[in-house]
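Following: one structure in structure tokens, then a few remarks.
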Amino acid sequence: MSPQEAITAAMRTALTGTGALSTPVNGVFDAPPQRAVRPYLLVDEAMLTDWSTKDQDGREVRTSVLVRDAGPARQRVRALAADVEAAIAAIPAALGGGWRIVSRVLVRTRVVDEGASGVTAVVEHRVRMLRGG
Numbered sequence: 062m063s064p065q066e067a068i069t070a071a072m073r074t075a076l077t078g079t080g081a082l083s084t085p086v087n088g089v090f091d092a093p094p095q096r097a098v099r100p101y102l103l104v105d106e107a108m109l110t111d112w113s114t115k116d117q118d119g120r121e122v123r124t125s126v127l128v129r130d131a132g133p134a135r136q137r138v139r140a141l142a143a144d145v146e147a148a149i150a151a152i153p154a155a156l157g158g159g160w161r162i163v164s165r166v167l168v169r170t171r172v173v174d175e176g177a178s179g180v181t182a183v184v185e186h187r188v189r190m191l192r193g194g
């Protein structure tokens with residue numbers, strides 16, 4: 062399993078697990094959906110860079126989850142963004158394919174007004190992973 066697949070699968074599992082989000086969402090997607098009704102989550106494509114050691118493969122991964130919501134009010138999108146932060150923080154260290162998380166840091170959470178279509182919260186993390194030997 063590639064590091065991209067390992068972290069993406071772990072994020073999807075964390076975000077779709079029962080009780081992970083205080084407010085129900087209408088799906089967790091890997092690509093912008095054609096007909097999803099807001100609110101929904103979009104797991105953006107991760108950016109990976111080498112973080113290997115002398116004897117282990119490693120990656121530093123920058124992840125983004127977009128919380129897409131309808132309407133101008135920001136209370137629900139902020140609550141969902143906090144739930145996303147908590148879900149990512151709770152991902153178990155052991156991932157598939159021998160990968161394990163050694164650190165994760167919330168980089169930022171930002172709410173962006175989209176005008177008439179609604180609001181989006183962008184939740185970004187930095188995750189460092191190593192593949193065990």
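For the sequence shown, the residue numbers in this note's numbering are 62 to 194.
Idealized CB from N, CA, C, for every residue including glycine.
Here the structure is a predicted model, which means the values were calculated and not measured.
Where E66 is concerned, the enclosing alpha helix (DSSP H) starts and stops at P64 to T77.
Here the C-alpha atom of V166 lies approximately 8 angstroms from the C-alpha atom of A150. Cβ neighbours of T110 within its own chain (closer than 6 angstroms, five residues either side excluded): E121. With a 10 Å radius around the Cβ and a threshold of 16 neighbouring Cβ atoms, R129 comes out buried. Between the beta-carbon of G157 and that of A70 there is about 6 angstroms, and that keeps the pair under the 8 angstroms contact cut. The beta carbon of A97 lies closer than 6 angstroms to those of N87 and G88 in the same chain, with the five residues before and after it left out.
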